[in-house]
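In our numbering, the protein residues as written are 48 to 337.
The C-beta atom is built at its ideal place from N, Cα and C for all residues, glycine as well.
Take a look at the structure set out below.
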């Protein structure tokens, strides 16, 4: 699949996700916290859509590295679409929607926050490979490199700096911007080493486990919200961990740090007993209604 084709397929998934997010926002307007999370998700999706538009329109950006990032984004987009469809309020009647919000509202919010975290990582990885693309880079017969600041390079640099507010912009533009020339800028060995270092850094940072963000989660109405690993600590190698603004109401339970399965089971026994009791009480009226 060509760079253009993969960009178009990613855009289709992003557009579908934006549409589903709008539906979620409208359907859950009375659910505390969830509409705000939906708006944050929509903003992330719209930013990614703008970046993919750029890749679609700028042939110079359709390099193997960028296309590989788009393939990863496509896989994430498919998972996001399935997740959003699973919590789509239009698939539920009024009564089912009420009980779903009552019992699983916080879980839906958690799922969307996880989507936002995944998207942020994919967006960062895509931007990094775009920044080090050799737009306008030429090599002569003597293996010497020259940078020609083409219109495409200026457009990409302007997009990164003005639209995404990434002041470093296109790496080649920053390396050569202070050099007087007639339009062609010869690159030194030091310039090329700097470019290679940036590319290697991009590869090293391309690790889905290097960052985890757990923010703005709310657990309530006897909900059990698990935001951390149970048993094996899969966060042991996480480079950056952010846990903030998470709350749990009354009898609800929220886990934001790794714990053993034994500790989890011991703490959950009272809540499980309560949930079984509530399920028994609600079973007959719900079965009659549905």
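Does the region 200-211 come close enough to the region 177-186 that 3 or more CB-CB pairs lie under 8 Å?
-> yes
Rounded to the nearest angstrom, how far is the Cβ of residue 123 from that of residue 169, given a contact under 8 Å?
-> 5 Å
Residues near residue 67 by beta carbon distance below 8 Å, same chain, minus five either side | 128, 131, 132, 135
Exposed or buried, which one is residue 86 when buried takes at least 16 other CB atoms within 10 Å?
-> exposed
For the alpha helix (DSSP H) holding residue 130, just list the boundary residues, first then last.
-> 111-133
If you draw a straight line from the alpha carbon of residue 103 to that of residue 56, how long is it in whole angstroms?
-> 10 Å
In this structure, does DSSP put residue 97 in helix, strand or coil?
-> helix
Cα-Cα, which of 106, 111, 121 is closest to residue 63?
-> 121
Alpha carbon to alpha carbon, how far is residue 237 from residue 172? Give it in angstroms, no decimals.
-> 25 Å
Expressed to the nearest angstrom, what Euclidean distance is found between the alpha-carbon atoms of residue 59 and residue 93?
-> 12 Å
Residue 306 - partner residues in DSSP beta bridges | 277
Using DSSP with H/G/I as helix, E/B as strand and the rest coil, what is residue 290?
-> strand
Apart from the five residues just before and just after residue 306, which ones in its own chain have a Cβ nearer than 8 Å to its Cβ?
-> 275, 277
Does DSSP classify residue 301 as helix, strand or coil?
-> strand
Could you spell out the range, first to last residue, of the alpha helix (DSSP H) harbouring residue 219?
-> 218-223
Of the residues 290, 105, 215, 159, which one's Cα is nearest the Cα of residue 413?
-> This structure cannot settle anything about residue 413, because the visible part of the chain is limited to 48 through 337.
Ends of the alpha helix (DSSP H) at residue 205?
-> 198-205
Cα separation between residue 51 and residue 303?
-> 41 Å
Helix, strand or coil for residue 180 per DSSP?
-> coil
Contacting residues, own chain, Cβ-Cβ under 7 Å from residue 217 (five flanking each side not counted) | 178, 182, 200, 203, 204, 207
If you run the structure through DSSP and keep just helix, strand and coil, what is residue 86?
-> helix
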